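Counting in the numbering used here, the sequence shown runs from 18 upward without gaps.
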Amino acid sequence: MVGAFIRSIQGSGSESSLSYSEHQPSPIDFGEFKVNFLLRYLGNLKFKILGVRLPLSCQIAPSASVSQGRLISLHRKVLIDAGVIIRPYGGNISIGPNSTVNPYCVLYGHGGLRIGSGVRIATGAVFAGVNHNFNSIDDFIFHQGWSHDGIIIEDDVWIGAGAIILDGVTVGQGCIIGAGSVVTKSLEPYGVYVGNPAKLVRRRQR
Ligand SMILES: CC(C)(COP(=O)(O)OP(=O)(O)OC[C@H]1O[C@@H](n2cnc3c(N)ncnc32)[C@H](O)[C@@H]1OP(=O)(O)O)[C@@H](O)C(=O)NCCC(=O)NCCS
Numbered sequence: 018m019v020g021a022f023i024r025s026i027q028g029s030g031s032e033s034s035l036s037y038s039e040h041q042p043s044p045i046d047f048g049e050f051k052v053n054f055l056l057r058y059l060g061n062l063k064f065k066i067l068g069v070r071l072p073l074s075c076q077i078a079p080s081a082s083v084s085q086g087r088l089i090s091l092h093r094k095v096l097i098d099a100g101v102i103i104r105p106y107g108g109n110i111s112i113g114p115n116s117t118v119n120p121y122c123v124l125y126g127h128g129g130l131r132i133g134s135g136v137r138i139a140t141g142a143v144f145a146g147v148n149h150n151f152n153s154i155d156d157f158i159f160h161q162g163w164s165h166d167g168i169i170i171e172d173d174v175w176i177g178a179g180a181i182i183l184d185g186v187t188v189g190q191g192c193i194i195g196a197g198s199v200v201t202k203s204l205e206p207y208g209v210y211v212g213n214p215a216k217l218v219r220r221r222q223r
């Protein structure tokens, strides 16, 4: 009887008999909503346990990874998406309010990494704030230490997918960095920079 009832709302056994829900999921999937809500707090909890300073309004994906959390501070409404890797390596990392870090970005903090407010960081961006010293050819590079001056990203910057920001760079307020760009020098505020090395292609106007 139950089978007959299901068939009656699904139609006959022809191709068109697939139920509505198989083709179009309900716009509100409450089960998924609850799971996502829980997972959001699991990510926050993981970061908290590892010593990261963050308010409850942050959203951390559970798969985001962090080490030495006491050197990291996240401000309100920061979003850290899936697969993001945060490694301070002895430097401080801070991310300002309303900034988002999309999936699979890598944030190194060796010389310090300061990200301002309202910053948008697209997937796969890398903040490589460190260089190996390599002056001597008589020794392994890995024996020769590091240099690191740190990276500063000012407020309201948009960093495109896969961009790489190198050590010692300050990205000025309101800048846009094209996808796949390599930023080797500091950037003037409100510039649009693309390419490797990143060059100014236009200035944002009021
Ligand atoms: C930079 C970007 C925002 C476009 O800015 P724009 O000021 O409108 O620039 P234009 O499209 O007019 O391009 C200007 C020049 O830069 C080149 N260019 C644009 N983006 C580039 C990029 N990422 N890398 C290399 N060159 C690029 C264009 O080919 C063009 O060159 P030309 O003058 O020789 O023809 C866009 O190309 C980009 O990279 N967006 C990032 C998208 C992204 O990562 N999304 C992820 C989700 S947030």
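Don't be surprised by glycine CBs; every beta carbon is placed ideally from N, CA and C.
Quick caveat, the model's predicted, so the values are computed rather than measured.
Item, Value
"To the nearest whole angstrom, what separates the beta carbons of residue 136 and residue 116, a pair I think is in contact under 8 Å?", "4 Å"
"Does ligand 1 have even one heavy atom less than 6 Å from the beta-carbon of residue 215?", "no"
"Decide if the region 211-219 is in contact with the region 185-197; the criterion is three or more beta carbon pairs, one per stretch, under 8 Å apart.", "yes"
"What are the boundary residues of the beta strand (DSSP E) that residue 94 is part of?", "Careful: residue 94 lies outside any beta strand (DSSP E) and carries neither H nor E."
"Excluding the five sequence neighbours on either side, which residues of its own chain have a C-beta within less than 6 Å of the C-beta of residue 182, listed in chain order?", "144, 168 and 200"
"Relative to the alpha-carbon of residue 83, which residue among 100, 73 and 72 has its alpha-carbon at the smallest distance?", "100"
"Terminal residues of the continuous beta strand (DSSP E) containing residue 103?", "102-104"
"What did DSSP end up calling residue 210 once you bin it into helix, strand or coil?", "strand"
"Indicate, with yes or no, if ligand 1 has a heavy atom lying under 6 Å from the CB of residue 211.", "yes"
"Is it right to say residue 59 is buried, meaning 16 or more other beta carbons lie within 10 angstroms of its own, or is it exposed?", "exposed"
"Considering just the uninterrupted stretch of the beta strand (DSSP E) at residue 144, what are its terminal residues?", "143-145"
"Is residue 101 a contact residue of ligand 1, with contact defined as CB to any heavy atom under 6 Å?", "no"
"Less than 7 Å between the beta carbons of residue 177 and residue 139, yes or no?", "yes"
"What separation, rounded to the nearest whole angstrom, lies between the Cα atoms of residue 108 and residue 55?", "31 Å"
"Can you tell me whether DSSP reads residue 73 as helix, strand or coil?", "coil"
"Taking a contact to mean a Cβ-Cβ separation below 7 Å, would you say residue 93 touches residue 74 in this structure?", "yes"
"Report the residue from 72, 130 and 158 whose alpha carbon sits nearest the alpha carbon of residue 106.", "130"
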